[in-house]
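Here is the structure we will look at, set down as structure tokens.
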Amino acid sequence: MLSRLAKMKVIPSEQHGFCLGASTTTQLVDSTFDWTTALSNKNSVDIIYLDLSKAFDKVSHIKLLSKIANLGISTQVLMWLKDYLSKRHMYVKVGYDYSDRFSCHSGVPQGGVLSPLLFIVYCYDLPDGLKTHPNVKIQIYSDDINIYGNYNEQSKDEVHSAVSESLRRMVDWANSHGIPINLNKSTVFHIGKSFSGEYSVNGTILIKSNLAKDLGVLFDSRMQFTNLIDHITKKALSTLFTILRNVHTNDQHVLLRLYKSYVLPHLEYCSQIWNPHTKKLQRKVERVQQIFTRILFYRTATNLLPSLPSYKIGLKHLSLQSLLYRRVFNYLSFCFRILRLHTKLRASKYWGFRISRARTGGLGLYCKGISTVSNNIIFNTFFRRGARWMNMLRLNIVNSANLATFKKKLRKLDLLRLLKMEDY
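Shown next, in the form of structure tokens:
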């Protein structure tokens, strides 16, 4: 069914949830490209984050099956889906007591493999209905929806009206599909100097926030990630100390596996977005792994250690890389995936090619849209920094046949030195 929907181009390009070649990272790098491009051109951006109330539980079976039928899905599959959704019951448990069973006439089964796909089909017509202006865009990850518009002083009122119209249409769509929007929890996030004004729906003024948590990544109005890095390092350290406090083993392999499974994900989730360019923030992130390796050597030592190995030697002994190296490696790997069309993102939106003047015959990649005169934040955005780094690789590496070969060649390089960066 998924392959058929993909061939029919039913799943909108704005939808990044549970789709082939899409992820939270693809959505966020696309969004931040739009926002930083606007900032580099002296524009501002208003972003509206919408809170859908129990979206998966509110899906109308009748509307869903009607939409699937309109897509030309075979009668046999349609009847199977109808049977899959029907004859489901629910009950409430309080302590040891259970309520009577009730029939479920709406919603997709929680935890079901098909549920995300069915929800995407239910919403497939939404993005086109919200496009009210060339400067207004929509991003969707499953039931997380945001609408944003970029503007300058001349177009401020025009874009504000267009975003307001998109918001009104969104509310109408949600009401007609039985998925109410909680306007009291929906927020407006503003980036840039000029604010176009308040947004309201049916008399409810949306809350304006200076911080926005978008798919787990914390943004501030200056597009800096100091708050995010503070948050993830505290969370990673809290998780690390919880593990060390409650897991009573000195087995180095067990502790390493727990660290990689539960601590590293906090430090690397969507790092392509927030990868710090300042030494201060790089050290702050690296400190978490430095603490872990130091404790690990103390805890697993069979004899009293006269002194601890240096961080660099310790990493080599544990077969670990610095967090800086891992971020850069993952950064370049993601760039390669975009260039090779392994993701939903179209490389031509972000990058162009020019003839390289370098003797080594580099890639000649450059970032589109973003002004050449910009501050450090814009200078180090994903696509601009990615272009610089990819250009520093030899063509035989960039032209690797596949991602596995590209990674294999990267591992053979002194990568950070090549990119003129100092490892820890």
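One rule links them: number in our numbering = place in the sequence shown (from 1) + 1129. Positions of the beta carbon are idealized from the N, C-alpha and C atoms, including for glycine.
Give the C-beta separation of residue i and residue j to the nearest angstrom, bearing in mind that I take them to be a contact with Cβ-Cβ under 8 angstroms.
| i | j | result |
| --- | --- | --- |
| Leu1494 | Ala1530 | Wrong, their Cβ atoms sit about 19 angstroms apart, outside the cutoff. |
| Asp1180 | Asn1275 | The pair is not a contact, with the Cβ atoms about 11 angstroms apart (cut-off 8 angstroms). |
| Thr1161 | Cys1399 | The pair is not a contact, with the Cβ atoms about 10 angstroms apart (cut-off 8 angstroms). |
| Thr1429 | Asn1375 | The pair is not a contact, with the Cβ atoms about 17 angstroms apart (cut-off 8 angstroms). |
| Ile1499 | Thr1261 | With a Cβ gap of about 25 angstroms, Ile1499 and Thr1261 do not count as contacting. |
| Ser1173 | His1319 | 7 angstroms |
Looking at the strands, I want to know which residues DSSP matches up with residue i.
| i | result |
| --- | --- |
| Ile1097 | Summary: the structure shown does not reach residue 1097, with the chain confined to residues 1130 through 1553, and so no result is reported for it. |
| Lys1171 | In DSSP, Lys1171 forms no bridge with anything. |
| Ala1341 | Phe1348 |
| Leu1494 | Phe1482 |
| Ser1329 | Ile1334 |
| Ser1235 | Ser1189 |
| Ile1506 | For Ile1506, which the question treats as bridged, DSSP gives no partner whatsoever. |
| His1218 | Ser1232 |
| Ile1176 | Tyr1277 and Phe1318 |
Are the beta-carbon atoms of residue i and residue j separated by less than 8 angstroms?
| i | j | result |
| --- | --- | --- |
| Lys1211 | Leu1200 | no |
| Leu1453 | Asp1552 | yes |
| Ile1308 | Gln1144 | no |
| Tyr1479 | Gln1401 | no |
| Ile1372 | Leu1387 | yes |
| Gly1258 | Trp1302 | yes |
| Asp1229 | Tyr1220 | yes |
| Leu1437 | Val1417 | no |
| Val1330 | Val1300 | yes |
| Ile1177 | Leu1335 | yes |
| Tyr1280 | Asn1304 | no |
| His1306 | His1234 | no |
| Asp1272 | Leu1344 | no |
| Lys1314 | Ile1358 | no |
| Phe1458 | Leu1539 | yes |
| Phe1465 | Gly1443 | no |
| Ser1323 | Glu1287 | no |
Just curious, the alpha helix (DSSP H) that residue i is in, first and last residue?
| i | result |
| --- | --- |
| His1395 | Leu1393 to Glu1397 |
| Lys1537 | Leu1532 to Arg1540 |
| Gln1353 | Looking at the DSSP string, Gln1353 is not in any alpha helix (DSSP H), and its letter there is neither H nor E. |
| Tyr1553 | Counting along the chain, Tyr1553 falls outside any alpha helix (DSSP H), and DSSP gives it neither H nor E. |
| Ile1420 | Lys1408 to Thr1429 |
| Pro1405 | First-last for Pro1405: undefined, no H or E at that position. |
| Ser1305 | Lys1285 to Ser1305 |
Quick check on DSSP: helix, strand or coil for residue i?
| i | result |
| --- | --- |
| Cys1148 | coil |
| Tyr1460 | helix |
| Lys1322 | coil |
| Leu1194 | helix |
| His1446 | helix |
| Val1112 | Residue 1112 lies beyond the residue range present for the chain, which begins at 1130 and ends at 1553; the question has no answer from this structure. |
| Met1519 | helix |
| Met1137 | coil |
| Ile1249 | helix |
| Ile1467 | helix |
| His1377 | coil |
| Ile1361 | helix |
| His1382 | helix |
| Asn1528 | coil |
| Ile1372 | helix |
| Lys1211 | helix |
| Thr1261 | coil |
| Leu1452 | helix |
| Leu1157 | helix |
| Thr1472 | coil |
| Leu1544 | helix |
Any beta carbon from chain C within less than 8 angstroms of residue i's own beta carbon?
| i | result |
| --- | --- |
| Val1527 | Annotation note: the requested chain C is absent from the structure, which comprises a single protein chain. |
For the beta strand (DSSP E) containing residue i, name the first residue and the last one.
| i | result |
| --- | --- |
| Asp1273 | Asp1273 to Tyr1280 |
| Tyr1270 | Val1265 to Tyr1270 |
| Tyr1479 | Note, Tyr1479: premise wrong, no beta strand (DSSP E); alpha helix (DSSP H) at Ala1476 to Tyr1479. |
| Tyr1225 | That residue, Tyr1225, is in no beta strand (DSSP E); it is neither H nor E in DSSP. |
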